[in-house]
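Residue numbers (the working numbering), protein chains in the order written: chain A, 3 to 138; chain B, 3 to 138; chain C, 334 to 451; chain D, 334 to 451; chain E, 24 to 104; chain F, 24 to 104.
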Amino acid sequence: MKSCNEMNYSIAIYGGPYSDQASLSALHFARALLKREHRIQRVFFYHDGVYNSSALVTPPQDEINVPTQWQTLASEHGIELVVCIAAAVRRGLLDEKEAKRYSKSSYNLAEGYTLSGLGQLIDASINCDKLITFGA
Amino acid sequence: MKSCNEMNYSIAIYGGPYSDQASLSALHFARALLKREHRIQRVFFYHDGVYNSSALVTPPQDEINVPTQWQTLASEHGIELVVCIAAAVRRGLLDEKEAKRYSKSSYNLAEGYTLSGLGQLIDASINCDKLITFGA
Amino acid sequence: MSELLIIFRKPPIGTSWAREAIDLALVGAAFGQQATLLFMGDGVYQLLSNQQPDQVEQKGTQAMMKALPMYDIDQVFVCEKSLSERGLRANLLDFECQSISQASLQKLLNSHRQVFNF
Amino acid sequence: MSELLIIFRKPPIGTSWAREAIDLALVGAAFGQQATLLFMGDGVYQLLSNQQPDQVEQKGTQAMMKALPMYDIDQVFVCEKSLSERGLRANLLDFECQSISQASLQKLLNSHRQVFNF
Amino acid sequence: MQECLYSASSGDSVLFIEDGVYGATSAFKERLRDDLSYFVLQNDAAARGLSACLLTGQCQPVDYSGFVELTEQADSVCSWF
Amino acid sequence: MQECLYSASSGDSVLFIEDGVYGATSAFKERLRDDLSYFVLQNDAAARGLSACLLTGQCQPVDYSGFVELTEQADSVCSWF
Numbered sequence: 003m004k005s006c007n008e009m010n011y012s013i014a015i016y017g018g019p020y021s022d023q024a025s026l027s028a029l030h031f032a033r034a035l036l037k038r039e040h041r042i043q044r045v046f047f048y049h050d051g052v053y054n055s056s057a058l059v060t061p062p063q064d065e066i067n068v069p070t071q072w073q074t075l076a077s078e079h080g081i082e083l084v085v086c087i088a089a090a091v092r093r094g095l096l097d098e099k100e101a102k103r104y105s106k107s108s109y110n111l112a113e114g115y116t117l118s119g120l121g122q123l124i125d126a127s128i129n130c131d132k133l134i135t136f137g138a
Numbered sequence: 003m004k005s006c007n008e009m010n011y012s013i014a015i016y017g018g019p020y021s022d023q024a025s026l027s028a029l030h031f032a033r034a035l036l037k038r039e040h041r042i043q044r045v046f047f048y049h050d051g052v053y054n055s056s057a058l059v060t061p062p063q064d065e066i067n068v069p070t071q072w073q074t075l076a077s078e079h080g081i082e083l084v085v086c087i088a089a090a091v092r093r094g095l096l097d098e099k100e101a102k103r104y105s106k107s108s109y110n111l112a113e114g115y116t117l118s119g120l121g122q123l124i125d126a127s128i129n130c131d132k133l134i135t136f137g138a
Numbered sequence: 334m335s336e337l338l339i340i341f342r343k344p345p346i347g348t349s350w351a352r353e354a355i356d357l358a359l360v361g362a363a364f365g366q367q368a369t370l371l372f373m374g375d376g377v378y379q380l381l382s383n384q385q386p387d388q389v390e391q392k393g394t395q396a397m398m399k400a401l402p403m404y405d406i407d408q409v410f411v412c413e414k415s416l417s418e419r420g421l422r423a424n425l426l427d428f429e430c431q432s433i434s435q436a437s438l439q440k441l442l443n444s445h446r447q448v449f450n451f
Numbered sequence: 334m335s336e337l338l339i340i341f342r343k344p345p346i347g348t349s350w351a352r353e354a355i356d357l358a359l360v361g362a363a364f365g366q367q368a369t370l371l372f373m374g375d376g377v378y379q380l381l382s383n384q385q386p387d388q389v390e391q392k393g394t395q396a397m398m399k400a401l402p403m404y405d406i407d408q409v410f411v412c413e414k415s416l417s418e419r420g421l422r423a424n425l426l427d428f429e430c431q432s433i434s435q436a437s438l439q440k441l442l443n444s445h446r447q448v449f450n451f
Numbered sequence: 024m025q026e027c028l029y030s031a032s033s034g035d036s037v038l039f040i041e042d043g044v045y046g047a048t049s050a051f052k053e054r055l056r057d058d059l060s061y062f063v064l065q066n067d068a069a070a071r072g073l074s075a076c077l078l079t080g081q082c083q084p085v086d087y088s089g090f091v092e093l094t095e096q097a098d099s100v101c102s103w104f
Numbered sequence: 024m025q026e027c028l029y030s031a032s033s034g035d036s037v038l039f040i041e042d043g044v045y046g047a048t049s050a051f052k053e054r055l056r057d058d059l060s061y062f063v064l065q066n067d068a069a070a071r072g073l074s075a076c077l078l079t080g081q082c083q084p085v086d087y088s089g090f091v092e093l094t095e096q097a098d099s100v101c102s103w104f
């Protein structure tokens with residue numbers, strides 16, 4: 003049962019992984035949420051935020067890999083990582099199914115991320131206690 | 003022989019294909035350059051401009067595909083499309099060689115684009131008559 | 334009282350912000366949420382008439398804006414101060430919208446459960 | 334007279350702009366080009382001392398800035414007006430640099446064959 | 024920042040994060056309205072070298088946990104960027 | 024835009040493109056210095072619905088070909104964004 007203090011959060015991210023601090027700020031915020039025993043239902047990636055979902059992101063070894071950190075956090079805490087399909091496809095982020103649909107020879111969506119519609123962001127705003135946005 | 007009016011241009015692009023107008027403006031500018039019989043030696047993609055080089059970019063059918071337009075222009079007019087390797091790799095743009103180096107299972111650099119160092123931008127600034135930048 | 338407030342603060346052409354903000358409004362409406370739109374800052378430029386985005390090979394958001402009534406989105410506000418700072422008057426605008434003062438704008442933000450800022 | 338002028342106008346943390354601008358300066362130097370740096374607008378924040386980018390798990394540009402003399406980059410200017418608008422004084426800065434007026438700044442831009450603006 | 028402060032209602036809390044923390048420096052204190060409460064994310068301020076003497080005293084420093092607390096307390100949270 | 028105009032030398036040409044064309048509207052004409060020449064990319068202005076009556080008369084409209092001409096004539100070209 004949910005205690006009266008524990009809340010259900012979702013997070014929206016609009017900025018790319020290295021060009022913008024949004025995704026990194028959101029990651030720190032998410033860790034603080036979990037430490038205070040809140041639940042994070044969903045992280046929704048929109049606008050340039052979709053670039054966080056690339057399996058091919060390869061930062062220098064001494065720098066944080068933001069997309070990988072999201073994967074780890076998500077799998078440990080049952081968080082959905084949802085990427086806006088319309089924003090993703092036009093920016094070149096495809097899963098296997100979309101790659102096939104558009105006859106592309108490869109795909110690059112990282113494991114743990116799901117392409118889905120903008121409805122998932124609206125749904126989060128309706129069904130979660132709080133939706134916090136990290137802009138770009 | 004070069005006429006006294008004809009000049010050798012290079013172009014630098016710092017913005018991504020759909021989030022920013024930089025790449026599209028540069029494309030219009032490049033077409034106007036060629037119409038005035040200038041030569042374009044190199045287009046250099048830096049910062050978020052590297053996102054233009056993705057083979058997986060799939061805009062809606064009624065929208066212009068900027069990365070493809072660059073490919074066409076480049077192959078018709080012998081223009082080098084050079085992508086900053088450091089900026090590209092951290093943002094998830096890899097060619098076959100880099101994908102192998104980092105043990106990634108796929109790569110996404112579009113045909114006609116080459117990953118190379120920032121020296122190519124300096125070289126353009128030294129050896130071309132004009133270097134025009136489209137920022138983000 | 335409507336549930337979603339979507340604020341447009343970016344200019345309309347050249348980036349995907351305006352389109353992505355409208356997409357969200359339409360999807361919200363499709364999910365049965367009453368959506369209110371507020372144009373402020375450089376977002377007021379999105380309301381200008383005679384935009385010809387094809388001049389730079391873009392699509393613009395005019396067609397989507399015209400579709401708003403079909404989605405029952407009829408609460409469209411524009412920040413009075415943002416307009417006047419940019420030398421714009423309501424007769425230059427392409428869309429029916431209510432020009433609002435700071436006090437009403439603050440009330441608008443306060444009265445919505447969820448505000449999306451673009 | 335140096336050949337490249339690189340202008341830093343973005344704040345140092347959170348985006349890759351500052352690092353990418355410095356990278357260009359260092360590569361320019363490696364190509365035998367004399368590079369001059371100019372900090373103006375929000376770029377002046379890059380000169381502040383005591384930056385602790387590890388507080389947000391970033392690397393910052395301090396280490397790269399310290400490497401500038403090794404690349405013979407010793408012409409570093411900061412826009413006087415940008416500093417004063419932000420309430421900053423030269424003693425808060427971590428780096429030797431010359432504070433310059435509008436007239437000198439205009440001359441600086443004029444006297445460089447190639448200006449890179451970040 | 025200006026648009027955020029223009030839109031806030033009396034009594035609202037404002038948290039400065041990322042590059043927004045520069046807005047919490049003394050140089051810009053005239054922009055701050057008296058009827059709002061101000062907070063600054065100290066991680067972002069420290070990352071940028073903004074020590075206490077550069078920040079205006081009107082802003083209370085918080086860490087990420089304090090950021091979470093502010094969202095817990097608010098009826099509605101709106102990000103300006 | 025302010026930083027660009029601050030840095031330009033007397034006699035320089037300034038071309039407004041992309042969202043910069045809003046800076047060429049009458050509302051902001053006080054910001055323009057008298058000792059510079061101003062141009063506006065008409066494709067970008069038209070795309071945004073900025074008709075001649077909204078633009079300040081100080082700015083001469085050019086198309087992409089005119090943009091190229093300006094770069095041909097300039098000793099050095101610097102982009103501000």
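The beta carbon of each residue, even a glycine, is placed where N, CA and C say it ideally should be.
With distances taken between CA atoms, B:Leu-35 lies nearest to B:Asn-10 out of B:Asn-10, B:Asn-129, B:Pro-19 and B:Ala-14. Per DSSP, the unbroken alpha helix (DSSP H) holding E:Val-91 starts and ends at 87-96. Judged by DSSP secondary structure, B:Arg-92 falls within the alpha helix (DSSP H) whose first and last residues are 87-93. The C-alpha of E:Ile-40 is placed about 27 Å away from the C-alpha of B:Tyr-53. For B:Glu-39, the secondary structure class from DSSP, reduced to helix, strand or coil, is coil.
Rounded to whole angstroms, D:Lys-343 and B:His-40 show a C-alpha spacing of 33 Å. For A:Tyr-11, the three-state secondary structure derived from DSSP is strand. Proximity to F:Gln-96 across F:Asp-35, F:Phe-104, F:Cys-82 and F:Cys-27 peaks at F:Asp-35, based on C-alpha coordinates. Nearest CB-CB separation between B:Gly-94 and chain A: below the 7 Å threshold.
A Cβ-Cβ distance of about 6 Å is found for the pair B:Ser-56 and B:Ala-112, placing them in contact under the 8 Å criterion. Near chain E, meaning a CB-to-CB distance below 8 Å, the residues of the segment 369-398 of chain C are Met-373 and Gly-374. Asp-64, Glu-65 and Ile-66: these are the residues of the segment 43-66 of chain B whose beta carbon lies less than 8 Å from some beta carbon of chain C, given in chain order. Look at the segment 18-30 of chain B: the residues with a C-beta under 7 Å from a C-beta of chain F are Gln-23, Ser-27 and His-30. By the rule that beta-carbons nearer than 7 Å mark a contact, F:Ser-102 touches chain B.
Per DSSP, the beta bridge partners of E:Ser-60 are E:Ser-36. Put simply, the backbone Cα of A:Cys-86 is about 19 Å away from that of B:Asn-67. In the DSSP secondary-structure assignment, D:Val-389 is not bridged to any residue. Under the rule that a run must span 4 or more residues, the alpha helix (DSSP H) segments found entirely inside the segment 62-136 of chain B read 68-79, 87-93, 98-103 and 121-129. The secondary-structure analysis by DSSP pairs C:Asn-450 across a beta bridge with C:Ile-340. Taking one beta carbon from each stretch, the segment 74-88 of chain E and the segment 54-64 of chain E have 3 or more pairs nearer than 8 Å; the two touch. In summary, B:His-79 is exposed, with fewer than 16 beta-carbon neighbours lying within 10 Å of its beta-carbon over all protein chains present. For C:Gly-361, no CB of chain B lies under 7 Å from its own CB, so it is not counted at the interface with that chain. In this structure, the alpha-carbon of E:Tyr-45 lies about 17 Å from that of D:Phe-341.
Contact of C:Ser-349 with chain B is assigned, a C-beta pair being separated by under 7 Å.
By the Cβ rule, the segment 81-97 of chain B does not count as touching the segment 400-415 of chain D, because fewer than three pairs are nearer than 8 Å. Asn-66, Asp-67, Ala-69, Ala-70, Arg-71, Gly-72 and Ser-74: these are the residues of the segment 60-85 of chain F whose beta carbon lies less than 7 Å from some beta carbon of chain C, given in chain order.
Residues of chain A whose Cβ lies closer than 8 Å to the Cβ of C:Asn-450 are, in chain order, Thr-135 and Gly-137. Distance from the CA of D:Thr-348 to the CA of B:Glu-8, rounded to the nearest whole angstrom, comes to 38 Å.
By the beta-carbon neighbour count (other beta carbons within 10 angstroms, threshold 16), D:Arg-419 is buried. Just measuring C-alpha positions, the residue of A:Leu-120, A:Ala-126 and A:Pro-62 sitting nearest A:Tyr-48 is A:Leu-120. The alpha-carbon separation between B:Leu-117 and E:Glu-92 amounts to approximately 45 Å. The Cβ atoms of D:Leu-371 and D:Gln-447 do not sit closer than 7 Å to each other. When E:Ala-68, E:Leu-55, E:Phe-104 and E:Cys-27 are compared, the shortest CA-CA separation from E:Val-85 is found for E:Ala-68.
When C-alpha distances from B:Pro-61 are compared across B:Ser-21, B:Arg-33, B:His-30 and B:Leu-75, the shortest belongs to B:Ser-21. Linking E:Lys-52 to B:Glu-82 through their CA atoms gives a straight-line distance of about 50 Å. A distance below 7 Å separates the beta carbons of D:Asn-383 and E:Gly-72.
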